[in-house]
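Visitor:
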Amino acid sequence: MSKPSAIWQTVRRPLAMSLLCAGLVSSLSGCVALVAGGAISGTLAATDRRTFGAQTEDRAIEVKGEIKLNNVIGSAGHINVNAFNRRALLTGEVRDEATRAQAEREIAGIEGVLSVVNELEIAGNSSFSSRSNDTMITTKVKASLIDRKDISANSFQVVTERGNVYLQGRVTQREGQIAADIARGVSGVAKVVKVFEYITEEEWKSFQPRPANNS
C-alpha cells in the first residue's frame, strides 16, 4: 500500500492547479475552504497532522459557530469561524467592541473549543471586491506552499481577511517561519499573522514517512 507521503507527492501539482481553479469559483466568504475532489480530499485527511477525530470536531465547531453567530449577531457583523485542532479563529468585522466580545463568548461556549483567537475588526462589513481579493490571495498562498518542497503544505490552514493572511497549523518553528515568509511574498498580502500550535522537531520526525522495508 502506498505511503501517504508518496500519494501526496503524486497529487501535489494537480492539487495546486485545482486550488487555483477553486479560487475562481469559491463562495468569496473571506475564509475559503478549498476542496479538490474526493480522492484528493481523502489524501489530505490522511496527511493532516490532526487526528481524524480533531478534523471532524473542527468542522463541527465551524458549522455550530457560524449558525450560533448568525442567530445571535446576524447583520451586526460579518464573522468567519475557522477551527484547527479545536482552537477557533475569528476573523471579519463587527460594529462595536461589545459585539466583538459577545462573538468570542459565544464561540468559547461551544463544546470542544479549547481556545479562541479573536481577530475581529471594528469596522463596516467588507465589500464583495475585498472578499474576492481575499479569495485569490488565499489561493495563491496555498499554491505557493504546495510548490515548496521542504514543508508539508497540508500542515497549514490559510485564512485571508482584508489582505491579512492568518496561518494555522501544527508545525515546528522552522516550518512556521518558512510559511510566513512565503505568504509575505505573495502579491496583495498586507500582513501575515501566525496562529500556530507549535510542535518540537522530535514530534515532527514522528510525522515523517518511515523508509520502506525491502526485506
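Under the UniProt record's numbering, the residues of the sequence shown are numbered 1 to 215, in order.
C-beta atoms are modelled at their ideal positions from N, C-alpha and C, and glycine is treated no differently.
Computed from a predicted structure; not experimentally measured.
Counting along the chain, where does the beta strand (DSSP E) carrying valine 195 start and finish?
Guide: As a first step, residue 195 is located in the sequence shown; it is residue number 195 there, counting from the start. Its beta strand (DSSP E) spans residues 191–198.
Visitor: Would you check if the segment 158–169 and the segment 125–143 touch, i.e. whether three or more CB-CB distances between them fall below 8 Å?
Guide: Counting Cβ pairs under 8 Å, three or more are found: they touch.
Visitor: According to the Cβ coordinates, are glutamate 201 and asparagine 85 closer than 7 Å?
Guide: Numbered from 1 along the sequence shown, position 201 holds the residue referred to as residue 201. Numbered from 1 along the sequence shown, position 85 holds the residue referred to as residue 85. Result no, Cβ atoms of glutamate 201 and asparagine 85 do not sit closer than 7 Å.
Visitor: Compare the beta carbon distance of alanine 153 and valine 116 with 7 Å and say whether it is the shorter of the two.
Guide: Against the sequence shown, residue 153 aligns to sequence position 153. Against the sequence shown, residue 116 aligns to sequence position 116. For alanine 153 and valine 116, no; Cβs fall outside 7 Å.
Visitor: Based on Cα-Cα distance, which residue from Gln55, Ala190, Thr51 and Gly65 lies nearest to glutamate 111?
Guide: Stepping through the sequence shown from its first residue, residue 111 is reached at position 111. Here the closest residue by C-alpha is Gly65.
Visitor: Does the beta-carbon distance from valine 186 to lysine 140 come in below 7 Å?
Guide: Taking the first residue of the sequence shown as 1, we reach residue 186 at position 186. Taking the first residue of the sequence shown as 1, we reach residue 140 at position 140. Against a cut-off of 7 Å, the Cβ pair of lysine 140 and valine 186 comes out as a contact.
Visitor: Report all residues from its chain with a CB closer than 7 Å to the CB of leucine 24; omit the five preceding and five following residues, and keep chain order.
Guide: In the sequence shown, counting from the first residue as 1, residue 24 sits at position 24. Its pLDDT being 47, under 50, leucine 24 is placed unreliably in this model, and the value from its coordinates should be taken loosely. Around leucine 24: no qualifying Cβ.
Visitor: If you draw a straight line from the alpha carbon of isoleucine 79 to that of threonine 172, how long is it in whole angstroms?
Guide: Along the sequence shown, one-based indexing puts residue 79 at 79. Along the sequence shown, one-based indexing puts residue 172 at 172. Each residue's alpha carbon lies about 29 Å from the other.
Visitor: Let's test the definition: count the other Cβ atoms within 10 Å of the Cβ of isoleucine 107 and tell me whether it reaches 16, buried, or not, exposed.
Guide: Position 107 of the sequence shown, counted from the start, is the residue given in the question as residue 107. The residue in question, isoleucine 107, is buried, as its Cβ has 16 or more Cβ neighbours within 10 Å.
Visitor: Under the rule that 16 or more other beta-carbon atoms within 10 Å means buried, what is serine 129, buried or exposed?
Guide: As a working note, residue 129 is residue 129 in the sequence shown. Its Cβ having fewer than 16 others within 10 Å, serine 129 is exposed.
Visitor: Short of 6 Å in beta carbon distance, which residues of its chain neighbour asparagine 164, apart from the five on each side in sequence? Order them along the chain.
Guide: One-based indexing of the sequence shown puts residue 164 at position 164. Excluding sequence neighbours, asparagine 164 sits near Ala190 and Lys191.
Visitor: Expressed to the nearest angstrom, what Euclidean distance is found between the alpha-carbon atoms of glycine 77 and proline 209?
Guide: Indexing the sequence shown from 1 puts residue 77 at position 77. Indexing the sequence shown from 1 puts residue 209 at position 209. Cα-Cα distance, rounded: 44 Å.
Visitor: Let me know the secondary structure DSSP gives residue 256 once reduced to three states.
Guide: This structure gives no information on residue 256, because the portion of the chain shown stretches from 1 to 215.
Visitor: For a test of the three-state rule: what should DSSP assign to isoleucine 207, helix, strand or coil?
Guide: On the sequence shown, residue 207 is found 207 positions in, with the first residue counted as 1. Checking the sequence shown, residue 207 turns out to be phenylalanine, not isoleucine. Phenylalanine 207: coil per DSSP, three-state reduction.
Visitor: Let's test the definition: count the other Cβ atoms within 10 Å of the Cβ of glutamine 177 and tell me whether it reaches 16, buried, or not, exposed.
Guide: Walking along the sequence shown from the start, residue 177 turns up at place 177. Exposed, by the Cβ-count rule.
Visitor: Between Tyr166, Glu57, Ala103 and Gln168, which lies nearest to asparagine 70 when the distance is taken from Cα to Cα?
Guide: Mapped onto the sequence shown, residue 70 falls at position 70. Minimum Cα distance to asparagine 70 is reached at Ala103.
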